[in-house]
Structures are given as C-alpha cells and as structure tokens.
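Participant: The structure is given below, and queries will be raised subsequently.
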Amino acid sequence: MMKKIGIVYGGKSAEHEVSLMTAKAVIAALDFSTYQVTPIYITLDGEWVCGEKLTAPVEEAEALRFTGTDQPNSIAQFVELASNPETRFDLVFPVLHGPNGEDGTIQGLFEMMNLPYVGNGVLASSAGMDKVVMKQLFTQAGLKQVPYEYCLHSYYNAHKEEFLDACEQNLTYPLFVKPANLGSSVGISKAKTREELEAAIQFAFEYDRKIVVEQGITAREVELSVLGNDEPKVSIAGGVLPTKDFYDYSAKYVDGTTNYAIPAEITEQELSDLQQASIDAFKILDCSGLVRADFFLTTDGDVYINEVNTLPGFTPISMYPKLWIASGKTYAELVEELIQLGLERFEEKK
Ligand code: ADP
Ligand code: MG
Ligand code: MG
238 MMKKIGIVYG GKSAEHEVSL MTAKAVIAAL DFSTYQVTPI YITLDGEWVC GEKLTAPVEE
298 AEALRFTGTD QPNSIAQFVE LASNPETRFD LVFPVLHGPN GEDGTIQGLF EMMNLPYVGN
358 GVLASSAGMD KVVMKQLFTQ AGLKQVPYEY CLHSYYNAHK EEFLDACEQN LTYPLFVKPA
418 NLGSSVGISK AKTREELEAA IQFAFEYDRK IVVEQGITAR EVELSVLGND EPKVSIAGGV
478 LPTKDFYDYS AKYVDGTTNY AIPAEITEQE LSDLQQASID AFKILDCSGL VRADFFLTTD
538 GDVYINEVNT LPGFTPISMY PKLWIASGKT YAELVEELIQ LGLERFEEKK
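Spelled out as structure tokens, the structure:
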C-alpha cells in the first residue's frame, strides 16, 4: 500500500526561503510509486495553510497566503487531516529550520498526535536549539569548547556593568555575541571593544531573552554529518571557507562568497578526533535521525565543538547531504534512509 507522507515546510523563521528549496528537493527525491506526498505549508507569519490549498505544489507556496476572502488558515485543519484515519499520515517530514520547527515545538505536536516523523525528537531538538543548554551538555560529555558567559535580559537590565566586567575579565576580545536560541547567524555579531560588546548584546537581545558571549577563536570551521538512531554513522569532514570576517547570514545565503572544501584538508588524526566528537555530541543530546556537528579546528589540531544543528540545511547543495553524497550515497537514498529511521524510532518507542 502507498505510504502517506506529509512534508511540512516554510515556517515562521529567518530560514523560510531555505526551507522552500529543501521541500522542493525532498519531494522531487521521493518515489511517487511508493509514497503519496502532501506538502503542508506554514507561511512566514506562522499560518498553517489548509483546505484546498493544503495540497498545492510547493511552487505555488507564495500564492497560498490568506487573502481575506477564502477559508482562514489554521493549524486545526492540519490536526484534523492528520487525525482522520482516511487521511492520516504514515510519517511527517518537518523540513523547517530555526525556531518553531527545529526547536522541539513541532516535534511535540507530532508526539501528541502519535505521528511518526523524520529526525530529532523533542529533547534533542530543544537542547540543540538553546546554545547555553547545548554547551552545558557538551561540557558534561567532556567536549572542548571556547570559554563563554551568558545571561538573561532581566539580569542584564539590573546588573549590566557587572556582566560586562565578567565578560572582560574571563574572556579576551574579540568576542562573539549570540542570541541563545537561533540559527543562520541571525543576531550574531563580533565585538572588539566594550562599546561594541554593549551594542552587540543589545542587538542579540532583540532576538531572545537569553544571550551568549563567547571567546572569539582563530580557527578553521569544519562540519560533519551524523546519520542514524542508537548506532549512528558519521561522515567525512567538510571545510567552510568564508571569505569575509565570519560565516554570517549573507555569507550563508545571500552573496555566495563562501567556499566549501569536501573533503576538508585535515590529517587522519584530526578526522578521527572530529568523528569521535561528532558521535559524542549526537549521543549526549540523545539525537535521532540526523545532526550536523560544527567545529573549530586550530592550527595546532585542537578540536573545539561550536554547535550541532538538528535540522541542518538539506538542499542537494547543502553541506549535510553533500558529505554523504561524497561518500557514495545519492540524495534520494539519504531521504529514504531518514524516512526509515523515523519509522524505526517510532516503532521502538511503542
Ligand atoms: P548559528 O547557529 O547561527 O550558525 P554559530 O554559533 O554557528 O551560530 O555562529 C555563526 C558563525 O559565527 C560561525 O559559523 C563562525 O563563523 C562565527 N563564530 C561563532 N562563534 C565564534 C567564535 N567563538 N569564534 C570565532 N568565530 C565564531
Ligand atoms: Mg546553528
Ligand atoms: Mg552555525
């Protein structure tokens, strides 16, 4: 029998456009003789497109917004569709990045609805989205990281000078200031003086009530892909070679100035250290399905973990698939493997 798959894409996130590209690529890679595919679009405003429009092709996503005359969009209609035995999905694939998709919220909805889904569960997704919680868990796993400070907005308002002093005492400029819960480098800036630090903190607080201030490091950036459930496999490493100050939002998506090296030019020892650290990171966050683990590699061969991304960029030209493609898998095989892992995970939990 045909399996029903829902591809949830778009979303209220800075990575909305990336998600649209991914959804097209994932749908094109699915075998239509095995799967009956339903695209489910979440607009940039967070509306779940429904009714007739629910099954519109991804190419028409832009035209799917509520115009005021048609049936209003609502998450309730997705719930109805997925609860009805006639239309229920065998699996959903959230192709969403950033908050409201990569952070455990939508995974919680799927759990409550008893729907099998691709990728990480609630805990791994939310712990992976919060850079402070992620760092605390990495420390627990014995993974090396750059020194950092963090604080909440309410604390900062009351103890601003104290926090700035702590940053300057415990860390050395340049510093990187980040909102705790975000991705795609949104809200991140680099500070070289106390004035810049203050401005960077103010900027990061526009995106979150919690921020992280990190020691800046001079190092190469390398990324690895992890795939599996309880016994994950890890790929070769890929190098990110930004041609500007750092790998910011426009370097990632807009100006195409970033170069990638696959495989990264590293020693056998460095590769094996990076692979071990990737598996350790996957396990400490209790990940499932997939994770891209991102590292800083110094000229001395020291490996610092920067972060993991629980729903990494997934277009055919994104690092996550490219690292597997370089090892001989096709993009379609990778999509199929993720579907099977999602189904297996659901079976094991029963
Ligand atoms: P995001 O989750 O938004 O991708 P990251 O923590 O990966 O956030 O930071 C984005 C980019 O900023 C990194 O890819 C890197 O280029 C730069 N960066 C972040 N932290 C540091 C640091 N401590 N030292 C040097 N560069 C950094
Ligand atoms: Mg990230
Ligand atoms: Mg990153």
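Numbering (the working numbering), first residue to last: 238 to 587.
Glycine included, C-beta positions come from ideal geometry on N, C-alpha and C.
Since the model is a prediction, treat every value here as computed from it, not as a measurement.
#1: At a cut-off of 7 Å, would you count Asn546 as near ligand 2, judging by its Cβ distance to the nearest heavy atom?
#2: By Cβ distance below 8 Å, which residues in the same chain neighbour Ile454 in space, the five residues on each side in sequence not counted?
#3: To the nearest angstrom, how far is it from the Cα of Met239 to the Cα of Thr376?
#4: Following a CB-centred definition, is Leu419 positioned closer than 7 Å to any heavy atom of ligand 1?
#5: Quick one: grab the DSSP three-state call for Phe303.
#6: Mark Val491 as exposed unless 16 or more other C-beta atoms lie within 10 angstroms of its C-beta, in which case mark it buried.
#7: Between the alpha carbons of Thr547 and Ser462, how many angstroms are there, rounded?
#8: Just to confirm, does Gly367 get its C-beta within under 7 Å of one of the non-hydrogen atoms of ligand 3?
#9: Do the segment 402–419 and the segment 430–441 touch if we need at least three Cβ pairs shorter than 8 Å?
#10: If I follow the unbroken beta strand (DSSP E) through Asp531, where does it start and stop?
#11: Do you know how far the Cα of Ile244 is from the Cα of Trp285?
#12: Examine ligand 1 and report whether any of its heavy atoms sits within less than 7 Å of the Cβ of Gly453.
#13: Buried or exposed: which applies to Gln344, given that a residue is buried once 16 or more other Cβ atoms fall within 10 Å of its Cβ?
#14: Please classify Phe269: is it buried, with 16 or more other beta-carbons within 10 angstroms of its beta-carbon, or exposed?
#15: Can Asp482 be considered in contact with ligand 3, in the sense that its beta carbon sits closer than 7 Å to one or more heavy atoms?
#16: Could you have a look at Ile590 and say whether DSSP puts it in helix, strand or coil?
#17: Between which residues of its own chain and Pro553 is the CB-CB distance below 7 Å, once the five residues before and five after are set aside?
#18: To test your reading of the DSSP string, which unbroken alpha helix (DSSP H) runs of 4 or more residues are found completely within the segment 361–437?
Facilitator: Walking through what the data contain:
#1: Here residue 546 is taken as the residue at index 309 of the sequence shown, counted from 1. Asn546 Cβ: within cutoff of ligand 2.
#2: Translated into positions along the sequence shown, residue 454 becomes position 217. Cβ within range, chain order: Val383, Phe533, Thr535 and Tyr541.
#3: Taking the sequence shown and counting its residues from 1, the one referred to as residue 239 is at position 2. Taking the sequence shown and counting its residues from 1, the one referred to as residue 376 is at position 139. The straight-line gap from Cα to Cα measures roughly 45 Å.
#4: As a first step, residue 419 must be located in the sequence shown, where it is residue number 182. Yes, since a heavy atom of ligand 1 falls inside the 7 Å radius drawn around the Cβ of Leu419.
#5: The residue you call residue 303 lines up with position 66 of the sequence shown. For Phe303, the pLDDT reaches just 49, beneath the cut-off of 50, and the residue's location in the model is therefore unreliable, although a value from the coordinates is still provided. Correct three-state label for Phe303: coil.
#6: Mapped onto the sequence shown, residue 491 falls at position 254. Flag for Val491 reads exposed.
#7: Within the sequence shown, the letter at position 310 stands for residue 547. Within the sequence shown, the letter at position 225 stands for residue 462. Each residue's alpha carbon lies about 10 Å from the other.
#8: Looking up residue 367 in the sequence shown gives position 130. According to the sequence shown, residue 367 is Asp rather than Gly. Checking every heavy atom of ligand 3 against the Cβ of Asp367, none is found closer than 7 Å.
#9: yes
#10: As a position in the sequence shown, residue 531 is number 294, starting the count at 1. Run containing Asp531: Gly526 to Leu534, per the beta strand (DSSP E) assignment.
#11: Position 48 of the sequence shown, counting from 1, holds the residue named residue 285. Position 7 of the sequence shown, counting from 1, holds the residue named residue 244. When rounded, the distance between both Cα atoms is 12 Å.
#12: For this step, residue 453 is matched to residue 216 along the sequence shown. Yes.
#13: Within the sequence shown, numbered from 1, the residue matching residue 344 stands at position 107. Counting Cβ neighbours within 10 Å, Gln344 comes out buried, since at least 16 surround it.
#14: Looking up residue 269 in the sequence shown gives position 32. Its Cβ having fewer than 16 others within 10 Å, Phe269 is exposed.
#15: As a first step, residue 482 is located in the sequence shown; it is residue number 245 there, counting from the start. For ligand 3, not one heavy atom lies less than 7 Å from the Cβ of Asp482.
#16: Shown here, the chain extends from 238 to 587; a query on residue 590 therefore has no answer.
#17: Locating residue 553 in the sequence shown gives position 316, where the first residue counts as 1. Ala262 and Tyr568.
#18: The segment 361–437 contains these whole alpha helix (DSSP H) runs: 368–377, 390–395 and 397–407.
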